[in-house]
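K.L.:
The opening residue of the sequence shown carries number 226 in the numbering used here; numbering runs sequentially from there. The structure's right below; bear with me while I get my questions together.
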Amino acid sequence: MGNTTGAADPICAIVASLASSRKYANLCPDTLRRTARWAWERYPNVPTATKAAKRKLHQVFASFIREDNIVKVQRLVETIPPRPDHDQMRSICCEVMGLHTSTCERMRNVEQLYPALFSAIGGPPRRIADLACGLHPFALPWMGLSPGAVYVASDIDRRIVDALNTFFERSGISARAEWRDLLADRSRVSADLVFLMKALPGLEQQEKGGAERVLRRLDAEWVIVSTPTASLSGRDKGMHEHYDAMVSRLVGQLGWQARETRFDNEIFYILRTTS
226 MGNTTGAADP ICAIVASLAS SRKYANLCPD TLRRTARWAW ERYPNVPTAT
276 KAAKRKLHQV FASFIREDNI VKVQRLVETI PPRPDHDQMR SICCEVMGLH
326 TSTCERMRNV EQLYPALFSA IGGPPRRIAD LACGLHPFAL PWMGLSPGAV
376 YVASDIDRRI VDALNTFFER SGISARAEWR DLLADRSRVS ADLVFLMKAL
426 PGLEQQEKGG AERVLRRLDA EWVIVSTPTA SLSGRDKGMH EHYDAMVSRL
476 VGQLGWQARE TRFDNEIFYI LRTTS
């Protein structure tokens with residue numbers, strides 16, 4: 226572990242530096258502390274560890290959505306009129322989802338995607354948990370859920386959580402978003418379906434074995450995870466093979482069943498947790 230000489234609490238010092246950064250100030254405190262601890266265990270002093278922590282946070286979070294685009298999301302949800310009609314809501318949600326790498330790509334197939342996914346699990350679920358959600362809940366207008374469905378989302382960025390709750394309130398959608406770090410929060414998640422859209426690789430990148438630990442805390446019959454087939458720059462680096470092996474290993478360890486379907490450059494794994 227790093228040398229504590231001259232630092233009463235180096236992890237607190239790293240956390241303070243991360244929290245004072247505009248780029249990471251809105252991330253969950255658990256995320257900052259967990260990343261600071263990871264960095265301090267590997268680097269010999271606070272400045273070096275702080276730089277490493279910032280690099281890690283950029284890899285797992287900031288590379289997917291720019292700061293100015295988060296501000297645009299916040300502004301867009303404020304333009305949603307009370308009880309918007311179908312076309313108004315879809316129009317604003319399309320604009321919002323175009324601001325995040327993953328949801329922007331997904332929009333090309335949004336009309337076909339959810340009918341296909343829900344058909345594979347026997348129809349739209351009543352209780353959904355959308356973990357490490359990003360902007361994915363803005364696809365709700367295309368999901369065709371029943372009015373009584375329960376939808377709970379969580380993310381590590383407070384600004385995204387606040388924007389989602391504003392979206393739910395203004396749109397009259399019965400849903401809520403929570404500020405939560407999946408790797409730090411040990412509570413169980415109960416739902417009919419859990420979404421983990423492009424989240425497993427990031428969880429594993431942050432903590433070895435992290436993806437399995439999160440999956441083992443799910444009380445759900447169905448889990449839908451997705452993985453990319455190309456990097457953010459669009460290059461195929463054998464990512465499908467790598468992530469397919471990762472999901473196959475996890476499914477084997479958990480004793481679950483898996484099916485997969487592909488839409489453009491995203492693979493969706495439909496996991497059943499019961500035999």
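Think of the CB as a built atom: it goes at the ideal place given N, C-alpha and C, for glycine as much as any other residue. Remember, it's a predicted structure, so these values are computed and weren't measured experimentally.
Please list the terminal residues of the continuous alpha helix (DSSP H) segment that includes P254.
P.N.:
As a position in the sequence shown, residue 254 is number 29, starting the count at 1. The continuous alpha helix (DSSP H) containing P254 extends over residues 254-265.
K.L.:
In angstroms, rounded to a whole number, what distance separates the CA positions of L425 and V450?
P.N.:
Stepping through the sequence shown from its first residue, residue 425 is reached at position 200. Stepping through the sequence shown from its first residue, residue 450 is reached at position 225. Each residue's Cα considered, the two are about 7 Å apart.
K.L.:
Counting Cβ pairs closer than 8 Å, one from the segment 369-382 and one from the segment 395-402, do we hit at least three?
P.N.:
yes
K.L.:
Which class does L365 belong to by DSSP, given the choice of helix, strand or coil?
P.N.:
Working through the sequence shown from its first residue, we reach residue 365 at position 140. Correct three-state label for L365: helix.
K.L.:
Between N490 and the rest of its own chain, which residues show a CB-CB distance below 7 Å, the 5 nearest in sequence each way excluded?
P.N.:
Working through the sequence shown from its first residue, we reach residue 490 at position 265. Taken in chain order, the residues that qualify are E330, P453, T454, A455.
K.L.:
Just reading off the beta strand (DSSP E) that M464 is part of, what are its end residues?
P.N.:
As a working note, residue 464 is residue 239 in the sequence shown. From DSSP, M464 is part of no beta strand (DSSP E) but of the alpha helix (DSSP H) over 464-479.
K.L.:
As a quick exercise: from H465, N390, R259, L440, pick the residue whose alpha carbon is nearest that of E403.
P.N.:
What you label residue 403 is simply residue 178 of the sequence shown in a count that begins at 1. Of the residues H465, N390, R259, L440, the one whose Cα lies closest to the Cα of E403 is N390.
K.L.:
Within 10 Å of its beta-carbon, does D310 have 16 or more other beta-carbons around it, so buried, or fewer, so exposed?
P.N.:
As a working mapping, residue 310 is identified with position 85 in the sequence shown. Per the 10 Å Cβ criterion, exposed.
K.L.:
Report the partner residues of M422 according to the DSSP bridge assignment.
P.N.:
Start at 1 with the first residue of the sequence shown, and residue 422 comes out as number 197. According to DSSP, which records beta bridges pairwise, M422 is partnered with S451.
K.L.:
Is the segment 350-358 in contact with the segment 418-432, if contact means three or more CB pairs nearer than 8 Å?
P.N.:
yes
K.L.:
Just curious, the alpha helix (DSSP H) that Y339 is in, first and last residue?
P.N.:
As a first step, residue 339 must be located in the sequence shown, where it is residue number 114. Start and end: 335-345.
K.L.:
Please confirm whether L389 has its beta-carbon closer than 7 Å to some beta-carbon of chain D.
P.N.:
The displayed structure is made up of one protein chain only, and chain D is not part of it.
K.L.:
Indicate the three-state DSSP secondary structure (helix, strand or coil) for I492 in the structure shown.
P.N.:
Sequence index remark: in the sequence shown, residue 492 carries index 267 (1-based). Reduced to three states, the DSSP call for I492 is strand.
K.L.:
Rounded to whole angstroms, what's the CA-CA distance from L252 to P307? Just pull it up for me.
P.N.:
Numbered from its first residue, the sequence shown carries residue 252 at position 27. Numbered from its first residue, the sequence shown carries residue 307 at position 82. Rounded to the nearest angstrom, the two C-alpha atoms are 29 Å apart.
K.L.:
Can you tell which of P362, L370, W367, R395 has its C-alpha closest to the C-alpha of I385?
P.N.:
By one-based count along the sequence shown, residue 385 stands at place 160. Of P362, L370, W367, R395, the residue nearest in Cα terms is P362.
K.L.:
I need the boundaries of the alpha helix (DSSP H) containing R411, first residue and last residue.
P.N.:
Your numbering for residue 411 matches position 186 in the sequence shown. From DSSP, R411 is part of no alpha helix (DSSP H); its letter is neither H nor E.
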